[in-house]
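The structure under discussion appears below in the form of structure tokens.
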Amino acid sequence: PSAKAVEPEPEPEPEPEPEPERRPEPRPETEPVSQSKAAPAADRPDSPPQNSQDFKDVGVDSLCKSMAPTPQNSSVHALVTSEPQRRASKQSSLPTIAAKAAGPAPRTLPAIGDGGRSPGGLGLASLSELEERVKQKKREAEEAFRRNEERLAEQKRQEEELKRKAQISKQEMKRRAAYLKAQRDKIIAQKKRERDAKARRYEQEQEQAGGGGGGGGGG
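Quick note on numbering: the numbering used here labels position 39 of the sequence shown as 774, and the sequence is numbered without any gaps.
Structure, rendered in structure tokens:
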């Protein structure tokens, strides 16, 4: 006969052990901290930052340490540091360019007050005196302009006279040449007549002297 399979009985689950009661540990008596041992939190290097400025300083220091130039991030550091420098130089050059384009600043006149005196105490001319000076300058300018016009007109007249004298016709030149030749011939003829008359007088004197000597020898 076939024997029936005997199923094993399940083992009973172990009961959970009760947790031991936790008793509060006795606190050690705190010793009074002497003034020499106590150090301010700000002086201890391992103390956390005490205010927002300390948090900011710690963040800036850590950022500077992380951005220090190394063989790995030298190019990144150069790019990050050069970009703000370029912006700063560009912004600093903008006022200079604008000032050059605008030109020199206009001069401001001192305000007239206290009986026509400037704040420095120097007397300023009244409105009537300024108008009189302007009129005087205008008269001087008009007089100088008039003298220049007269000088230019006289110079132009002299140029026209010289041009007219230079434009002599050929007939005038021939007439002047004939007149000069006639005057020269007249002078030459007069000189010749004077020489002939002098020669005749000399011959007459010689003849008279020879005739007088012959008459005396015959007697």
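In this text, a Cβ means the ideal position worked out from N, Cα and C, and glycines have one as well.
Where residue i falls, given that 16 or more other Cβ within 10 Å makes a residue buried
i, result
"L862", "exposed"
"Q943", "exposed"
Pairwise C-alpha distance: residue j and residue i
i, j, result
"E864", "F880", "24 Å"
"A823", "R868", "52 Å"
"R936", "D920", "24 Å"
"R874", "K900", "39 Å"
"E894", "E884", "15 Å"
"S904", "K872", "51 Å"
"R911", "Q902", "15 Å"
"Q906", "A913", "11 Å"
"R930", "L897", "45 Å"
"E889", "I923", "45 Å"
"E938", "Q925", "20 Å"
"R886", "M908", "33 Å"
"L915", "G945", "46 Å"
"E877", "Q918", "56 Å"
"E866", "K891", "37 Å"
"R928", "A934", "10 Å"
"R703", "K870", "Because the chain here runs from 736 to 954, residue 703 falls outside it and cannot be looked at."
Assigned secondary structure, residue i (DSSP; H/G/I helix, E/B strand, else coil)
i, result
"S863", "helix"
"I922", "helix"
"R928", "helix"
"Q902", "coil"
"L857", "Reliability of the predicted coordinates at L857 is poor, the pLDDT of 45 falling under 50, and no value is obtained from them."
"E766", "With a pLDDT of only 49 at E766, under 50, the local geometry of the prediction cannot be trusted, and no value is derived from it."
Any C-beta of chain D under 9 Å from that of residue i
i, result
"E866", "Of the protein chains in the structure, only one exists, and it is not chain D."
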